[in-house]
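There are 2 protein chains.
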Amino acid sequence: ITLWRISRNRWIACFFIGVITALVAALIDIGVHYSKDIKFNWILKYLISKCDEEQRGTTSGCMWTVMIAWIAYNCILVTIASCLVIFVAPIAGGSGIPQIKCYLNGIAIPEVVRPQQIFFYVTSNKKIIAEFGVACSVGGGLAAGKEGPMIHSGAVVGAGVSQGKSYSLGIDFGIFKEFRNDRERRDFVSAGAAAGVAAAFGAPIGGVLFSLEEGASFWNQNLTWRMFLSSMISSFTVNCILGWFNGRSGWLSWNGLANFGVFENKDYNVWEIPIFLLIGIIGGVLGALFNYLNTRLTEFRKTYVNSKFGRLFECLLVAAVSAFLAFLTIFAVDDCQPIGRNPTATSTQINQMWCRKGEYSAVASLFFQNPEESVKSLFHSPINSFGVPTLIIFAIEYFLLTLWTFGIAVPSGVFIPAILTGAAWGRLFGIYVERLFPSVTGIDPGKYALAGAAAQLGGVVRMTISLTAIIMEATKDITFGLPIMLVLMITKWVGDMFNEGLYDSHIDLAEVPILGWNPPKMSRNILADKVMRRDVVALERRERVSRIVEILKTTLHHGFPVVDRIEESVTQTLPDYGRLKGYILRTQLFKLLENRVFDEEHASESIPIDFSECQDDDDQNSQIDQLGLSSYDESCWLNIEPFMHPHPHRVPLNTSLPFIFRLFRGLGLRYLFVVNDDNKLRGVITRKDVARFREKRRNREYQVDELYISQ
Amino acid sequence: ITLWRISRNRWIACFFIGVITALVAALIDIGVHYSKDIKFNWILKYLISKCDEEQRGTTSGCMWTVMIAWIAYNCILVTIASCLVIFVAPIAGGSGIPQIKCYLNGIAIPEVVRPQQIFFYVTSNKKIIAEFGVACSVGGGLAAGKEGPMIHSGAVVGAGVSQGKSYSLGIDFGIFKEFRNDRERRDFVSAGAAAGVAAAFGAPIGGVLFSLEEGASFWNQNLTWRMFLSSMISSFTVNCILGWFNGRSGWLSWNGLANFGVFENKDYNVWEIPIFLLIGIIGGVLGALFNYLNTRLTEFRKTYVNSKFGRLFECLLVAAVSAFLAFLTIFAVDDCQPIGRNPTATSTQINQMWCRKGEYSAVASLFFQNPEESVKSLFHSPINSFGVPTLIIFAIEYFLLTLWTFGIAVPSGVFIPAILTGAAWGRLFGIYVERLFPSVTGIDPGKYALAGAAAQLGGVVRMTISLTAIIMEATKDITFGLPIMLVLMITKWVGDMFNEGLYDSHIDLAEVPILGWNPPKMSRNILADKVMRRDVVALERRERVSRIVEILKTTLHHGFPVVDRIEESVTQTLPDYGRLKGYILRTQLFKLLENRVFDEEHASESIPIDFSECQDDDDQNSQIDQLGLSSYDESCWLNIEPFMHPHPHRVPLNTSLPFIFRLFRGLGLRYLFVVNDDNKLRGVITRKDVARFREKRRNREYQVDELYISQ
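Protein sequences appear in the order of chains C and F.
Under this note's numbering, the first residue of the first sequence carries the number 3, and numbering increases by one thereafter.
Under this note's numbering, the first residue of the second sequence carries the number 3, and numbering increases by one thereafter.
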């Protein structure tokens with residue numbers, strides 16, 4: 003009956019993960035909506051109409067006042083976002099996807115990625131950051147999307163809900179205690195990430211695939227099905243809330259936050275396939291270039307921009323430059339279109355800018371909308387809505403702005419900016435294709451804009467199957483599935499010739515030992531003997547309490563092997579361990595001490611102790627002294643045998659690295675003991691030890707490098 | 003450079019798997035098309051017009067001639083299909099999905115499932131069967147779909163292409179030799195199955211998810227990506243060929259074989275959700291009922307219908323009854339509709355039947371189309387196109403016919419029949435909802451038909467995420483994704499309360515030891531000691547050739563453990579083995595004997611031997627005598643040590659069953675050695691030994707049963 007309850011609770015937890023993620027997403031969206039509202043409808047409208055009144059007849063002039071107001075407003079919002087990140091929760095900076103990737107891969111290294119505890123227990127703070135921060139950075143006109151951080155929020159919600167408590171809020175609801183261990187939490191984080199994607203793009207299947215592609219190494223039907231529930235509920239809730247917010251409550255066809263609209267003309271022809279392939283190649287090259295430049299920039303930032311105020315200043319600079327550049331472009335590029343030519347563009351007073359009455363500036367309609375709206379108009383507006391120079395300049399500027407924005411200390415995603423950049427050059431491409439083949443009807447530059455968007459995004463993040471699903475779901479269309487797949491496939495091939503995906507580069511920069519999909523090639527001659535660490539701290543089956551206390555105080559290991567005999571070694575400084583008998587977690591030892599399961603002479607008959615919470619990674623380190631163990635207690639013996647895990651994973655000394663790698667990857671291990679031929683403990687291999695070995699390809703020759711990884 | 007070549011070849015193989023699967027699928031489709039053409043346009047049209055001439059004025063009468071011709075034609079086609087299955091390739095019967103499931107799960111038990119060699123090397127024969135057989139059974143008017151067998155064909159193509167040879171054709175192309183081992187072949191079979199789904203439903207993402215859900219236990223990005231290529235190419239090729247066949251060459255929006263058409267009215271409302279849930283519950287119950295009855299029927303068949311002619315007779319009976327029932331229903335149910343009311347129905351002369359001029363029989367339009375067309379009209383025709391009695395009778399009849407058809411000796415899938423049944427009762431449901439809420443506009447019974455189809459199919463096969471994707475892709479629609487997911491989720495929950503999915507039931511009936519997703523609950527106290535088999539045949543590191551020959555002759559084991567010392571045991575009949583040192587495959591030993599790597603006294607210094615083909619499962623058993631080993635040869639020694647795998651997977655005696663289960667599931671193991679505390683070999687655990695343990699739930703209490711499995 004307990005098992006049944008646990009299994010039911012998993013579903014309940016996933017349901018709430020979906021709902022809460024959706025709430026967060028909807029709040030962010032509404033925040034963005036209002037910040038846009040304030041900016042356009044209150045500030046700018048007022049100023050422009052004032053300008054109109056004052057200087058009727060003479061254009062420009064007072065427009066610069068508008069620009070100042072615009073820049074100032076953007077800077078204020080970005081300052082809020084940036085301060086939240088820098089001073090409250092540094093982990094909320096960036097898109098958060100690399101962090102989720104690391105976490106799902108099983109990494110929990112305090113000093114390299116942010117401490118796991120901070121990462122996942124800041125739940126409430128983090129959520130606030132994500133909400134306000136993202137809304138601010140998108141509202142602040144940065145070349146940033148709200149989708150990446152939304153995925154991160156989803157993951158955080160997943161961790162928070164499943165644990166049923168929040169450290170930073172100091173609340174423990176006392177529910178879901180059975181999920182307070184590593185494995186379960188990781189499953190819920192995957193579910194949360196899936197829910198985040200589902201909320202961001204209205205793509206439940208894409209969300210599940212995203213979680214699988216980026217994180218889970220083991221396909222488990224039940225887990226996948228629960229992830230599916232989360233993402234489904236999340237999409238559904240977002241649709242409900244936004245449907246209600248937009249005054250169409252009840253109707254559920256409103257689809258996600260990033261709604262790219264539906265294509266009218268859904269056909270494509272065989273001869274267009276090579277064109278799509280070409281777009282894929284361009285996307286691969288541009289994506290690789292983006293990643294290369296952004297990596298260099300991040301390195302530069304790590305070296306020179308590391309003070310808090312330096313980072314804040316950079317954010318402000320980016321905000322100001324973004325806004326200024328937009329104005330400058332609108333001023334410089336003369337692309338005035340008669341109102342009504344493009345039915346999808348919102349032709350507000352603002353877009354008029356330096357154009358005549360009855361016309362609007364196509365450039366302004368790109369810069370002065372939320373990025374999602376701009377994507378929509380690039381996808382769906384008629385062929386002559388945008389001039390060629392507009393598209394060229396917009397694509398280049400947005401590429402550079404995105405490059406600069408990704409990595410500054412605000413919550414910002416790279417999805418939407420990359421899509422926007424790609425849509426711009428894709429549309430440009432489409433216009434030229436149309437000029438090349440003027441006799442062929444049915445060329446819709448929107449199709450090429452979609453392909454370009456997929457190519458640019460694919461080139462940057464190098465996701466494949468999940469990205470296809472996300473784009474298909476976000477455009478609510480399946481017909482273009484095939485070309486999108488082709489584009490993404492080519493893009494990944496081309497991009498991988500140059501460098502890794504953006505997220506992987508950032509993970510590498512952080513020196514995180516993430517395990518890849520396959521063991522490094524040509525590593526068959528590296529044996530366990532070389533991979534393992536010899537400085538193991540082991541326990542005997544009956545240990546003196548004083549020794550246990552000392553070990554708990556002096557080491558930070560997550561658990562300890564138990565051997566049948568420890569002898570001083572004659573040759574080495576490390577003791578000579580006997581046969582491996584078991585494994586006991588640090589938290590279990592702590593619990594045993596707390597309950598004083600000691601005996602003076604004989605082994606105590608196993609007192610039932612509830613270890614249900616013992617896999618929790620809580621930092622109970624500092625509390626050893628608080629147990630108040632007397633010196634009499636410390637002279638007692640503790641019989642570990644009844645409590646230990648009796649058959650930990652072990653391999654012989656001559657095991658090869660690929661074999662070890664597959665054990666870690668396939669079983670999600672954290673440790674592996676190395677024994678000799680007599681089953682005597684000789685060393686331990688952790689995930690980090692395996693991840694040190696990386697393959698490098700030099701002129702088609704593979705080689706294995708051993709990385710230095712900070713401890 | 004070799005690694006690079008292998009990796010490139012994998013992609014090439016996947017490309018061809020996609021293309022060939024698509025060719026097979028397109029051929030089947032074209033076959034079905036022509037068989038329909040012959041039936042309707044030649045035979046029936048001729049007869050009906052003759053009837054018209056003879057008996058102008060008096061209805062009926064001569065119609066019975068038409069019926070006889072109809073039944074005769076169907077029986078001839080079904081006889082062909084059935085003979086192909088019964089006399090040429092028995093494995094082609096049924097949908098083939100259970101077999102693929104078993105294969106991907108890692109089962110290869112000669113006597114229980116069909117021999118693996120026959121299963122996968124009949125490639126060419128099998129393909130012919132699948133093509134003609136499926137075309138015949140669908141053309142023959144059975145309640146059968148062409149989709150299930152197409153998935154099977156895909157898998158067979160995957161196996162065939164990747165091995166680069168065909169046993170039954172006796173051709174060895176000499177390519178892809180590096181893929182001739184278990185692991186690689188299994189990967190290609192998944193890719194083939196995905197391509198099959200993609201071809202059948204125009205659902206590339208659904209195909210990949212299907213392969214993952216039904217087969218792969220380990221999510222590998224590269225493998226998934228290759229599967230994706232296969233299914234993409236497959237969809238694409240099918241679209242090209244069928245586009246060309248239907249005279250629209252070049253345009254690629256034609257989508258798969260099972261094209262369910264596009265919904266016009268895509269909105270749904272929150273208050274409709276409970277209705278969808280109700281449909282889910284009904285689907286779960288009906289699906290469970292279907293599975294229960296079909297399982298009983300299959301048991302009955304196993305006992306009483308086991309002669310070849312008995313099976314052939316059953317097929318003919320089913321064909322005749324199906325055709326007769328259709329006629330009877332058309333005659334009995336008076337649902338004449340004016341032509342033009344339903345724009346989606348094809349109003350040919352045939353559908354007129356017993357109706358007046360200018361009208362057509364709605365019943366006939368359901369029975370006298372290919373099932374896919376019927377599904378389309380149930381989904382998309384206007385609300386009053388079908389009378390209530392028509393739908394009730396059609397749903398019941400089709401349910402029963404499908405029940406009877408699934409399991410007879412023709413290639414037949416359950417997908418389309420289940421969808422058709424579900425669409426019929428779903429539409430019925432929709433009509434009643436419309437009558438209940440007459441004031442609400444926008445109720446489209448087609449929506450409910452879609453939900454019903456999903457529910458019925460989900461209730462029968464119990465697939466979840468992949469089925470959602472398939473339905474979404476087959477209807478080219480994403481808006482209904484959420485309700486479909488909800489329906490499938492409820493359906494699975496309800497259905498699982500009663501019994502397993504249809505495929506799993508059939509696997510159980512075949513007594514195949516398939517491993518589930520999770521270890522049986524409450525099995526923590528079952529230790530390796532109890533699971534393992536003690537009758538291990540081991541080798542020493544240096545072994546006399548005569549002993550090896552004898553072992554190869556007397557056992558059928560796939561491989562042998564190598565220990566450091568074998569001693570006669572004083573207490574037991576089995577020898578007392580020393581420390582586990584390695585593992586050597588049967589094929590490797592064979593190769594060593596073939597190359598006569600013997601020495602009289604000293605260990606031969608390792609002669610390089612190419613084992614690249616050695617993981618092939620070919621039955622080289624009979625050939626031992628052909629090696630022509632002299633008695634001098636047999637007195638030599640063979641030094642196994644340089645050739646063996648030096649660190650096979652091992653666990654101690656006290657390992658628990660869940661731990662062992664996870665090793666098998668996570669790493670895809672075939673064997674696991676059990677050693678004692680001194681690392682001495684004590685037993686071996688195979689997949690079969692693990693699969694013997696099944697959980698049973700009795701009144702919320704879990705219990706582990708040990709199955710008897712035939713060796």
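Yeah, the Cβ is synthetic: ideal placement off N, Cα and C, and Gly gets one too.
Could you tell me the alpha carbon to alpha carbon distance between residue i and residue j, rounded to whole angstroms?
{"i": "residue 664 (chain F)", "j": "residue 664 (chain C)", "result": "13 Å"}
{"i": "residue 543 (chain C)", "j": "residue 675 (chain C)", "result": "17 Å"}
{"i": "residue 308 (chain C)", "j": "residue 563 (chain C)", "result": "41 Å"}
{"i": "residue 507 (chain F)", "j": "residue 247 (chain F)", "result": "39 Å"}
{"i": "residue 594 (chain C)", "j": "residue 587 (chain C)", "result": "11 Å"}
{"i": "residue 521 (chain C)", "j": "residue 300 (chain F)", "result": "46 Å"}
{"i": "residue 351 (chain C)", "j": "residue 138 (chain C)", "result": "Note that residue 351 (chain C) has pLDDT 49, beneath the 50 cutoff, so the model's placement of it is unreliable and no number is given."}
{"i": "residue 421 (chain C)", "j": "residue 17 (chain C)", "result": "31 Å"}
{"i": "residue 534 (chain F)", "j": "residue 552 (chain F)", "result": "24 Å"}
{"i": "residue 622 (chain F)", "j": "residue 558 (chain F)", "result": "At residue 622 (chain F), the pLDDT of 48 sits below 50, so the modelled position is not reliable; the number obtained from the coordinates is stated separately. Each residue's Cα considered, the two are about 11 Å apart."}
For residue i, which residues in chain C fall below 8 Å Cβ to Cβ?
{"i": "residue 67 (chain F)", "result": "Within 8 Å Cβ-Cβ: nothing; residue 67 (chain F) doesn't reach chain C, min ~46 Å."}
{"i": "residue 304 (chain F)", "result": "By Cβ distance, chain C contributes nothing, its closest Cβ being about 29 Å from residue 304 (chain F), past 8 Å."}
{"i": "residue 534 (chain F)", "result": "Result: empty, since nearest Cβ-Cβ is about 14 Å, beyond 8 Å."}
{"i": "residue 206 (chain F)", "result": "483, 484 and 487"}
{"i": "residue 672 (chain F)", "result": "Result: empty, since nearest Cβ-Cβ is about 14 Å, beyond 8 Å."}
So which residues on chain F does residue i lean against when the C-beta distance must stay under 7 Å?
{"i": "residue 223 (chain C)", "result": "215 and 519"}
My assumption, with CB atoms under 8 Å, is that residue i sits in contact with residue j. Please give the rounded CB distance.
{"i": "residue 653 (chain F)", "j": "residue 642 (chain F)", "result": "Incorrect: roughly 23 Å between the Cβ atoms, too far for contact."}
{"i": "residue 285 (chain C)", "j": "residue 101 (chain C)", "result": "Actually they are not in contact, since the Cβ atoms of residue 285 (chain C) and residue 101 (chain C) sit about 26 Å apart, beyond 8 Å."}
{"i": "residue 106 (chain C)", "j": "residue 188 (chain C)", "result": "6 Å"}
{"i": "residue 647 (chain C)", "j": "residue 580 (chain C)", "result": "That pair is no contact at about 18 Å."}
{"i": "residue 208 (chain C)", "j": "residue 153 (chain C)", "result": "About 11 Å; that fails the 8 Å criterion."}
{"i": "residue 681 (chain F)", "j": "residue 680 (chain C)", "result": "6 Å"}
Taking only beta-carbon atoms, is residue i less than 8 Å away from chain A?
{"i": "residue 242 (chain C)", "result": "Among the chains of the structure shown, chain A does not appear; the protein chains present are C and F."}
Just the chain C side, please: which residues come within less than 7 Å of residue i by C-beta, in chain order?
{"i": "residue 686 (chain F)", "result": "Ordered by position in chain C, no residue passes the 7 Å Cβ test against residue 686 (chain F), which lies about 17 Å from the chain."}
{"i": "residue 237 (chain F)", "result": "484"}
{"i": "residue 581 (chain F)", "result": "679"}
{"i": "residue 227 (chain F)", "result": "466 and 467"}
Closer than 9 Å by beta-carbon distance: list the chain F residues that pair up with residue i, in chain order.
{"i": "residue 648 (chain C)", "result": "654, 656, 657 and 658"}
Give me the chain F residues within the contact set of residue i, using Cβ-Cβ distance strictly less than 8 Å, ordered along the chain.
{"i": "residue 464 (chain C)", "result": "By Cβ distance, chain F contributes nothing, its closest Cβ being about 10 Å from residue 464 (chain C), past 8 Å."}
Do the CB positions of residue i and residue j come within less than 8 Å of each other?
{"i": "residue 487 (chain C)", "j": "residue 230 (chain F)", "result": "yes"}
{"i": "residue 204 (chain C)", "j": "residue 232 (chain C)", "result": "no"}
{"i": "residue 464 (chain C)", "j": "residue 510 (chain C)", "result": "no"}
{"i": "residue 525 (chain F)", "j": "residue 403 (chain F)", "result": "no"}
{"i": "residue 655 (chain F)", "j": "residue 529 (chain F)", "result": "yes"}
{"i": "residue 314 (chain F)", "j": "residue 405 (chain F)", "result": "no"}
Any 3 or more C-beta pairs closer than 8 Å across the stretch 38–50 of chain F and the stretch 19–28 of chain F: No, they do not touch.
Using a Cβ distance threshold of 8 Å, determine whether the stretch 75–92 of chain C contacts the stretch 314–334 of chain C, with at least three qualifying pairs required. In the pairwise beta carbon analysis, the stretch 75–92 of chain C is classified as touching the stretch 314–334 of chain C: at least three pairs are separated by under 8 Å.
Stretch pair the stretch 426–446 of chain C + the stretch 151–164 of chain C: three plus CB contacts closer than 8 Å: By the C-beta criterion, the stretch 426–446 of chain C is judged not to be in contact with the stretch 151–164 of chain C, since fewer than 3 inter-stretch pairs fall below 8 Å.
Contact the stretch 445–452 of chain F vs the stretch 403–415 of chain F: 3+ CB pairs below 8 Å: In this structure the stretch 445–452 of chain F does not lie against the stretch 403–415 of chain F, because fewer than three pairs of beta carbons, one per stretch, are closer than 8 Å.
Stretch-stretch touch, CB-based, cutoff 8 Å, three pairs: the stretch 273–287 of chain F with the stretch 360–372 of chain F: Not touching, per the Cβ criterion.
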